[in-house]
Amino acid sequence: MKFGVVIFPGSNCDYDTYFVLKDVLDQETTFLWHKEHTLHSVDCVVLPGGFSYGDYLRSGAIAKFSPLMQEVKEFADKGGLVLGICNGFQVLLELELLPGAMLRNKNLKFLCQHVHLRTENTHTPFTNRVQKGDVLKIPIAHFDGNYFVEPEALNMIKQNDQIIFRYCEPDGQLTERANVNGSMDCIAGLMNTGGNVLGMMPHPERASETILGSEDGRIIFESIIHSL
Amino acid sequence: MKVRVLVSFKDSVLDPQGQTVKNALHTLGYREVKDIRQGKVFEIELEGISIEEADRIIPEISDKVLANPIIEKFEYQIIE
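Top to bottom, those sequences are chains A and B.
For the first sequence, numbering that gives the first Met the number 0 assigns the number 227 to the last residue and increments by one with no breaks.
For the second sequence, numbering that gives the first Met the number 0 assigns the number 79 to the last residue and increments by one with no breaks.
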């Protein structure tokens, strides 16, 4: 299976993501430059974290107009697997591949810490190796992760089982304290209706080796590999 | 021609930054400040088009790029 990791000016988790896919998981992996017009026949596109275009205007707002993202949109529309991590999630929202938008964190602070995520849907290419309800410990690092969507759209999201991860306590309980950035319905990870595009604020590539304090993130990449 | 576009959060969206500024003003004693909504201002210079064309293009630009319609609204005025 071949992964493509997108690089925008300002991406800063591109090499971490590449390292996990290539060296930890031993998968064929290539970088995709934002100005390119081809995805080089990859099976899965990963939009990494960072500050694409310096977060100018809004997080992810400028990245959506890059030539490569038009290819990514077409790829996703045809059912290709796309994983957006942190800034990658914000780009997917701006691109309208996922519903909703991000607001500044409720406490107006940049949050850089480990959080716990309850897995809500395991019938996906991104979570098929996880048990429903399993709690994963994965770090976040963002300013704009306070997920917002209009109530009617949220109902649709719930009906379609599109919420994949929710911020929770270590035992899986949903509390206001655990919902660190104030996201609507504690949403940390969200999938499209087609089931091939996932956006998540936490960074699984930063939790894929024991030495980094958690390897819970690796199971997401392993699920993708298993699905193909 | 110069156009000023104001982008701000929709009324249904909380604006914690505006709230924080309001609280700071209250601390300074400006108790009469009831609410603050923070936004962004864009000044756009246009050339070679009529006012009618500007009235078509500016909402298009605002909707497509300057504002995210899910959380933000915009208004504009032609200032020069």
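Think of the CB as a built atom: it goes at the ideal place given N, C-alpha and C, for glycine as much as any other residue.
- The beta carbon of A:G9 is closer than 6 Å to those of G49, F50, S51, Y52, G53 in its chain, skipping five residues each way along the sequence.
- Within the same chain, Cβ atoms closer than 6 Å to the Cβ of A:N120 are found at D160, I163, the five residues on either side in sequence being excluded.
- In the three-state DSSP reduction, A:A206 falls in the coil class, being neither helix nor strand.
- Within chain B, the C-beta atoms nearer than 7 Å to that of A:K105 come from P15, in chain order.
- Residues I218, E221, S222, H225 of the same chain have their beta carbon placed closer than 8 Å to that of A:R128, with the five preceding and five following residues left out of the count.
- Look at A:V148: its C-beta is under 9 Å from a C-beta on chain B.
- The beta carbon of A:F64 falls within 9 Å of a beta carbon belonging to chain B, placing the residue at that interface.
- Under the DSSP assignment, B:R36 falls outside any alpha helix (DSSP H); it carries neither an H nor an E label.
- B:E59 is positioned such that its CB atom lies no closer than 9 Å to that of B:S7.
- Here A:S65 has F7, H33, K34 as same chain residues with Cβ atoms under 8 Å from its own Cβ, once five neighbours each way along the sequence are excluded.
- Using a CB distance below 7 Å, the part of the segment 3 to 31 of chain B facing chain A consists of V12, P15, Q16, T19, ordered along the chain.
- Spatial neighbours of A:E70 in its own chain (CB-CB distance under 6 Å, excluding positions within 5 residues in sequence) are listed in chain order as L38.
- When only Cα atoms are considered, B:L65 and A:L96 end up about 19 Å apart.
- If you look at A:S222, you'll find it in the alpha helix (DSSP H) that goes 217 to 226.
- Against chain A, the beta carbon of B:I60 has no neighbour under 7 Å; the closest one sits roughly 12 Å away.
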